[in-house]
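Written below as structure tokens is the structure these notes are about.
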Amino acid sequence: KAGVTQTPRYLIKTRGQQVTLSCSPISGHRSVSWYQQTPGQGLQFLFEYFSETQRNKGNFPGRFSGRQFSNSRSEMNVSTLELGDSALYLCASSLDSRETGELFFGEGSRLTVL
Amino acid sequence: AQSVTQLGSHVSVSEGALVLLRCNYSSSVPPYLFWYVQYPNQGLQLLLKYTSAATLVKGINGFEAEFKKSETSFHLTKPSAHMSDAAEYFCAVSLTDSWGKLQFGAGTQVVVTP
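The listed protein sequences derive, respectively, from chains W and X. Numbered per the working numbering, the first sequence spans residues 115 to 228. Numbered per the working numbering, the second sequence spans residues 165 to 278.
As structure tokens, then:
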């Protein structure tokens, strides 16, 4: 059974650009959550989607957005990149996070903003 | 506001010795608590979770944790450290009914020495 797949794994952008990260959850999983991981702030929750609806949102500016498609695949977008957006972005999926309690994480997309 | 505190950002243990990682939470309601592990260049993997069924929770790889409400603690232990236990460990809490939205502690880096 394939795990959570995140693409791209590594990318470099410059300030002011935008970036789109993709997450393919485990087959059958309907919940997808996104987290940002940095050395200074640690792991911070970005948002969670279930059946194409945003269920929860973290305390990030509006430059951070996401969506989920009917096949449960999810994307997140960061516009007008800032140096502080450099981070590892982790996607996690679950059958339904209200029932099983276990998130399965991908290996992450490492974004560097220059 | 809910918060999770992990005592000690770095822990060094000898192979075969007890592993003890400390986690305290602040909450006015019974929380859902988790321990996740992150190996280098990988995503997070669930070790164990507390969901009020039992105060002593057994997880994978020989780890266990005990929920102590009076101490607001959820410490992680393993009787005998193995070299493969070298990783970063995160305590996390969820107050909502959606376990996709977690608040993580700052993490504890475990080093295992021969």
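A virtual CB, placed ideally from N, CA and C, is assigned to each residue, including glycine.
Of the candidates Lys232/X, Gly180/X, Lys265/X, the residue whose Cα lies closest to the Cα of Tyr189/X is Lys232/X.
In the DSSP assignment, Lys127/W is bridged to Val227/W.
By the neighbour-count criterion, in which a residue is buried when 16 or more other Cβ atoms sit within 10 angstroms of its Cβ, Ser178/X is exposed. The distance from the Cβ of Leu197/W to that of Val227/W is about 5 Å, consistent with a contact at the 8 Å cut-off. Rounded to whole angstroms, Gln155/W and Ala270/X show a C-alpha spacing of 8 Å.
Less than 7 Å divides the Cβ of Glu230/X from the Cβ of Thr219/X.
In the structure shown, Asn191/W falls within a strand segment according to DSSP collapsed to helix, strand and coil.
Contact with chain W is absent for Leu171/X, since none of that chain's Cβ atoms lies less than 7 Å from the residue's Cβ. By the criterion of a C-beta distance shorter than 7 Å, Phe174/W is surrounded in its chain by Leu160, once the five residues flanking it on both sides are discounted. Leu184/X counts as exposed, since fewer than 16 other beta carbons sit within 10 angstroms of its beta carbon. Within chain X, the residues whose beta carbon sits less than 7 Å from that of Leu157/W are Phe254, Phe268, listed in sequence order. No residue range can be given for Glu196/W, since it is assigned to no beta strand (DSSP E) and is classified by DSSP as neither H nor E. Contact annotation: Arg186/X and Leu197/X have beta-carbon atoms that are not nearer than 7 Å.
In the DSSP assignment, Arg186/X falls within the beta strand (DSSP E) that extends over 183 to 190.
In the structure shown, Gly271/X falls within a coil segment according to DSSP collapsed to helix, strand and coil. Flagged as an interface residue toward chain W: Ser262/X, by a C-beta distance shorter than 7 Å. Asn205/X carries a coil assignment under DSSP once its states are collapsed to helix, strand and coil. Using a C-beta cut-off of 8 Å, the stretch 230 to 250 of chain X makes no contact with the stretch 137 to 154 of chain W, since fewer than three inter-stretch Cβ pairs fall below that distance.
Between Tyr163/W and Ser188/W, the CB-CB gap stays under 7 Å.
Per the coordinates, the alpha-carbon of Ser208/W lies some 15 Å from the alpha-carbon of Leu211/X. With a beta-carbon spacing of about 5 Å, Thr272/X and Tyr253/X fall inside the 8 Å limit used to define contacts.
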